[in-house]
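Student:
Protein chains in written order, with my numbering: chain A, 289 to 642; chain B, 2 to 295.
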């Protein structure tokens, strides 16, 4: 009798633990804002320098509005928004991701009448997120693409995108790997430099194929290319131009060619299933205020999207994006680019992979 | 009346289908629930998605198109070939190195704790950091060989197929060595001495005496290493430099930027099926070898 009872007790405990585990697991994707009302918004952001910058800036928003911002850093945000609707109130996304998110119905179109500084944004940035009157995200900052090179390893002065194709750089160039946009930008560059115009993508692809001999490796994290450049194992890297400034003392020259450049943009987007959209608009307006734009530029090392923000010299010293460079940014249709990325990635892998 | 252990006549087993069998099922219920939730549900979900007609997350319908697309495209078949080649080479290299390491650890057990600690300590270091360290090390090797005049140009070990295998051997060697050591630790060293007394040289001893005893460990370590090497994303992504496509990379790129859910799911199912076959074969032959040894 004792045996039977103790077994039953054990079974009850086991079933209880199992059921508890299952219920807890099932409830794992629950509403993280539940119970918090509108005093907290949950943001999906990038890690690294971006998260660090947000950690310094968000308390100012909380002090002003009483709304806490909970930042959840990570990548692959659009798939996450698809899988867990309602989890986030806002999401930081680059241009093509925002465009794809809006097209897929994961994001709400932005009501630009609620963005106080919408008309003061760098026009190229705002235009890139707009399609058929719908806006996929609000640009907060941007970074221009450039060529970073070791002056002791490159036997000439790089001034133009065309220089990347010179035979002296055989096996000496590092590019960002697809599907990240930094490498695929070379199609745009090839189209402009060697083709008949910005949309002559076939000429761009032929140029990428010709560039293959000069490419030593493709990197998946933006810091990887810069680290190898600093270590001297590669002579030139195409990446975010601002990353080259701290390396000047190590013999790295940063060039944003005068003919113009591609660029990346940091947008705030609003998930369709977000629960505190009014607070998100407040946060966007806070991020675009002149004071916050300066702070964001300082901490995030990215140029402000608002043209009304005046940066102090200590901030401009760490950014290459002068007004002239902003003027020369090439127009990018993020919607078209976003649609092309799956096919372009496969084509890229066929060229560089084995 | 329920027949309990206390009232059951000595020597009589409980009849099938009575309370103890039911109790056994109930006892295993938490584990079954856990397995169902953590493995069966995701597996069914991935298989169902792989058969969907479109790449939307909630797409329905039925098609084998994504599987056909995989095997009709040279890019993907090559990625599968690369994946399997990398895994097989990693198993072979770690198997040989692990066997030698475990054998010397068995025969010369002095400072065994220190040796084992040195073997396992690298596992405490973050994998990405270890890859960065390896990359810098390989650059230094090229520099050294160049300065000594032994090579005209860099070997190009970074960002290559070879580099991926080197990194995977570095990652998987401790697991393989420990698995083989677990088998060889029961080795009766007098067998080795007897073989040497009868005229066997070192290679013969290793091949005819030690190797058969190490087979269970080799199989266990081989299965672990094969699965880990074929399924890894980060090592080919960092060490391949974009020049060596593998199936896990294809899965990642299909989902991360393109949200091609059905395509990525089909790739994942293919990878699992292709991995299961050699793993089952390895386990089967390992069991036969073990049974034969008894």
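Quick reminder that beta carbons are idealized off the backbone N, C-alpha and C, glycines included.
Where do the N-terminal and C-terminal ends of the beta strand (DSSP E) with residue 332(A) fall, by residue?
Tutor: That run of the beta strand (DSSP E) goes 328-333.
Student: How close, in whole Å, do the beta carbons of residue 240(A) and residue 449(A) come, if the pair is a contact with beta carbons under 8 Å?
Tutor: A query on residue 240(A) cannot be resolved here, the shown segment of chain A reaching from 289 to 642 and no further.
Student: Quick one: residues in its chain with C-beta nearer than 6 Å to the C-beta of residue 206(B), no 5 flanking neighbours on either side, listed in chain order?
Tutor: Around residue 206(B): 193 and 196.
Student: Pairing CB atoms from the stretch 485-505 of chain A with CB atoms from the stretch 576-591 of chain A, are three or more of them under 8 Å?
Tutor: The answer is no - the stretch 576-591 of chain A does not touch the stretch 485-505 of chain A, with fewer than three Cβ pairs under 8 Å.
Student: Could you check whether the Cβ of residue 364(A) sits closer than 8 Å to any Cβ belonging to chain B?
Tutor: Residue 364(A) counts as touching chain B.
Student: Could you tell me the boundaries of the beta strand (DSSP E) in which residue 166(B) lies?
Tutor: Element bounds for residue 166(B): not the beta strand (DSSP E) but the alpha helix (DSSP H), 162-185.
Student: In angstroms with no decimal places, state the Cα-to-Cα distance between residue 32(B) and residue 567(A).
Tutor: Cα to Cα, residue 32(B) sits roughly 44 Å from residue 567(A).
Student: Could you give the DSSP three-state label for residue 435(A): helix, strand or coil?
Tutor: In this structure, residue 435(A) counts as strand in the three-state DSSP scheme.
Student: Counting only beta-carbon atoms, is residue 108(B) nearer than 8 Å to chain A?
Tutor: Chain A, which has no Cβ nearer than 8 Å to the Cβ of residue 108(B), makes this no.
Student: Does residue 642(A) get closer than 8 Å to chain B when you measure Cβ to Cβ?
Tutor: Yes, residue 642(A) counts as interfacial toward chain B.
Student: For my contact list, residue 526(A) and residue 470(A) are in at a C-beta cut-off of 8 Å; report their separation, rounded to the angstrom.
Tutor: So it is a contact: roughly 7 Å between Cβ atoms.
Student: Got a sec? Which residues, its chain only, sit under 7 Å from residue 327(A) by beta carbon, not counting five neighbours each side?
Tutor: 354, 355 and 356, listed in sequence order.
Student: If you run the structure through DSSP and keep just helix, strand and coil, what is residue 279(A)?
Tutor: With chain A covering 289 to 642 only, the question about residue 279(A) has no answer from this structure.
Student: Over the uninterrupted alpha helix (DSSP H) stretch that includes residue 462(A), give me the two end residues.
Tutor: Element bounds for residue 462(A): not the alpha helix (DSSP H) but the beta strand (DSSP E), 461-464.
Student: Who are the neighbours of residue 254(B) on chain A, taking C-beta pairs under 8 Å?
Tutor: In chain order: 466, 467, 633 and 637.
Student: Starting from residue 380(A), follow the beta strand (DSSP E) in both directions and report where the run begins and ends.
Tutor: It spans 378-381 - the beta strand (DSSP E) in which residue 380(A) sits, taken as one unbroken run.
Student: Could you tell me the alpha carbon to alpha carbon distance between residue 202(B) and residue 106(B), rounded to whole angstroms?
Tutor: Roughly 19 Å between the two C-alpha positions.
Student: Would you mind telling me which residues of chain A sit closer than 7 Å to residue 238(B), beta carbon to beta carbon, in chain order?
Tutor: Under the 7 Å cutoff, chain A gives 508.
Student: Which residues in the same chain as residue 180(B) place their Cβ atom closer than 6 Å to its Cβ, once the five residues preceding and following it in sequence are excluded?
Tutor: Contacts found: 218, 221 and 222.
Student: Considering only the alpha carbon of each residue, which of 523(A), 617(A), 403(A) and 624(A) lies closest to residue 550(A)?
Tutor: Ranking 523(A), 617(A), 403(A) and 624(A) by Cα distance to residue 550(A) puts 617(A) first.
Student: For residue 421(A), does the count of other Cβ atoms within 10 angstroms reach 16, so buried, or fall short, so exposed?
Tutor: Counting Cβ neighbours within 10 Å, residue 421(A) comes out exposed, since fewer than 16 surround it.
Student: The alpha helix (DSSP H) spanning residue 257(A) covers which residue range?
Tutor: Limits of chain A in this structure are 289 at one end and 642 at the other, which puts residue 257(A) out of reach.
Student: At the level of alpha carbons, what is the spacing between residue 259(B) and residue 214(B)?
Tutor: Between residue 259(B) and residue 214(B), the C-alpha separation is close to 50 Å.
Student: Suppose the cutoff is 6 Å on Cβ atoms and the five residues either side in sequence are ignored; what does the same chain contact list for residue 68(B) look like?
Tutor: Hits under 6 Å: 267.
Student: Please compile the residues from chain B whose C-beta is within a distance smaller than 8 Å of the C-beta of residue 505(A).
Tutor: What residue 505(A) touches in chain B: 159, 160, 242, 243 and 244.
Student: Mind reading off the beta-carbon distance from residue 393(A) to residue 560(A)? Whole number of angstroms is fine, and I expect it under 8 Å.
Tutor: Sure, about 6 Å apart at Cβ, within 8 Å.
Student: Below 8 Å on C-beta distance, what does residue 519(A) contact in chain B?
Tutor: Neighbours of residue 519(A) on chain B, chain order: 137 and 140.
Student: What first and last residue would you give for the alpha helix (DSSP H) that runs through residue 201(B)?
Tutor: Here residue 201(B) belongs to no alpha helix (DSSP H), and DSSP marks it neither H nor E.
Student: For a contact meaning CB atoms closer than 7 Å, what does residue 261(B) contact in chain A?
Tutor: In chain order: 630.
Student: Buried or exposed: which applies to residue 572(A), given that a residue is buried once 16 or more other Cβ atoms fall within 10 Å of its Cβ?
Tutor: It counts as buried.
Student: In whole angstroms, give me the CA-to-CA distance for residue 578(A) and residue 594(A).
Tutor: Near 8 Å, if we compare the C-alpha coordinates of residue 594(A) and residue 578(A).
Student: Label residue 350(A) either buried or exposed according to how many other C-beta atoms from any shown protein chain fall within 10 Å of its C-beta, with 16 as the threshold for buried.
Tutor: The residue in question, residue 350(A), is exposed, as its Cβ has fewer than 16 Cβ neighbours within 10 Å.
Student: Determine, for residue 531(A), whether the minimum Cβ-Cβ distance to residues of chain B falls below 8 Å.
Tutor: For residue 531(A), the answer is no, since every Cβ of chain B falls outside 8 Å of its Cβ.
Student: Quick check on residue 371(A): buried or exposed, where buried means 16 or more other Cβ atoms within 10 Å of its Cβ?
Tutor: That one is exposed.
Student: Which residues of the stretch 48-76 of chain B have a Cβ closer than 7 Å to any Cβ of chain A? Give them in chain order.
Tutor: Residues 58 and 76.
Student: Among 149(B), 186(B) and 238(B), which residue has its Cα nearest to the Cα of residue 509(A)?
Tutor: When each option's Cα is compared against that of residue 509(A), the closest is 238(B).
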